[in-house]
Structure formats: structure tokens, C-alpha cells
Amino acid sequence: MLFHISLLAITCLTLTHTLAMTTPRYKGPLPEFLPILKNYDEAREFQIANLDACMWPENGGHYFKDMDNKLLAVASDELCEYVDRGNAEIDAMIAAGELPEPEECDVCEGKIPCRKCFEAASKQHLENDHKEL
């Protein structure tokens, strides 16, 4: 019995330490039940499995939320830095008027769409939906 309690305590401490190591940029506590996506590959897999999920900046980091604003996952600091760098590059391109047309875009390369690619894809999606109505 004591062994099981010790094992549980060690597991809890390890999980707490891992959580603290991957998410120190968050200003408040994170919900315990949410998965932490550590890198781009995990975020991509999560996005494919949760097509209605969007990443939103909040609490010093980024959360994946569904269209009803329900929290689905947390981005690790590494993933937040990746997203922040990408957003900064896109913002600089927008400010300089350098963002290419969606069909010419080599910025997102089909991974995480830049704003213009996302807007063009959303517009096309909406147009296709209205044609079917």
C-alpha cells in the first residue's frame, strides 16, 4: 500500500514538474484536464483531429478552443514561441505590403495558413456553401 502511495506521489510530482517546465509563460493556472501540445507536429495532429479548433492567445500563452469557446488544449512555451514568431513575420509582411497572393504563398506552405491564405480559403469555403443552398 505504501509503495502505491509513493508511486502515485512521484507520478504527481513528475507531472507537476513537467507541466511547469513546458508552460511557465502562462500568467495563471492551467486547467489540469487539458492536453499540452508541445510542438508544431502535435498541434498539427490535434488540429486535424479537431477541425473546429482555433488557437487563441490568452493568459500569456495560446489555447486551442472550439467554436463555442470551450478549451480543448494548451500550447507549450515552445509551440507558443513558434506561433508568435510566425505571427510577427506575417504582421511585418502585412505592414510592408509584401504578403503574396494565396496561390503564390510560400510562407505557410500548407502548414499553418497565413492570414491572407486563411481569409481566401474561408471566403472560398463560404462561397461553396452558399452555392449548395
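FYI, the numbering for the sequence shown is -20 to -1, 1 to 113, going by mature numbering (1 follows the signal peptide of the UniProt record, and there is no 0). Even glycine gets a Cβ: it sits at the ideal position worked out from N, Cα and C. Because the structure is a prediction, the values reported are computed rather than measured.
Quiz item: Over what stretch of residues does the alpha helix (DSSP H) that includes residue 26 continue unbroken?
Solution: 20 to 29
Exercise. Could you pull out every residue in the same chain whose Cβ sits closer than 8 Å to the Cβ of residue 2, ignoring the five residues on either side in sequence?
Key: 16, 18, 56, 57, 58
Quiz item: Which residue or residues does DSSP assign as beta-bridge partners of residue 35?
Solution: 44
Exercise. Using alpha carbons as the reference points, say which of 72, 22, 73 lies closest to residue 53.
Key: Among 72, 22, 73, the Cα nearest to that of residue 53 is on 22.
Quiz item: For residue 13, which option in 24, 50, 41 has the closest C-alpha, if you only look at C-alpha atoms?
Solution: 50
Quiz item: The alpha helix (DSSP H) spanning residue 59 covers which residue range?
Solution: 57 to 76
Quiz item: My guess is that residue 46 and residue 32 are in contact by the Cβ rule of under 8 Å, so how many angstroms apart are they, rounded?
Solution: Their Cβ separation, rounded to whole angstroms, is 5 Å, which keeps residue 46 and residue 32 in contact under 8 Å.
Quiz item: Can you tell which of 73, 74, 10 has its C-alpha closest to the C-alpha of residue 41?
Solution: 10
Practice problem: Report buried or exposed for residue 34, applying the criterion of at least 16 other Cβ atoms within 10 angstroms of its Cβ. | Solution: Here residue 34 is exposed, its C-beta having fewer than 16 other C-beta atoms within 10 Å.
Practice problem: Tell me, to the nearest whole angstrom, how far the beta carbon of residue 30 is from that of residue 6; I am working on the premise that it is less than 8 Å. | Solution: Not quite, the Cβ-Cβ distance comes to about 21 Å (not below 8 Å), so this is no contact.
Quiz item: residue 51 bridges to which residues according to DSSP?
Solution: 45
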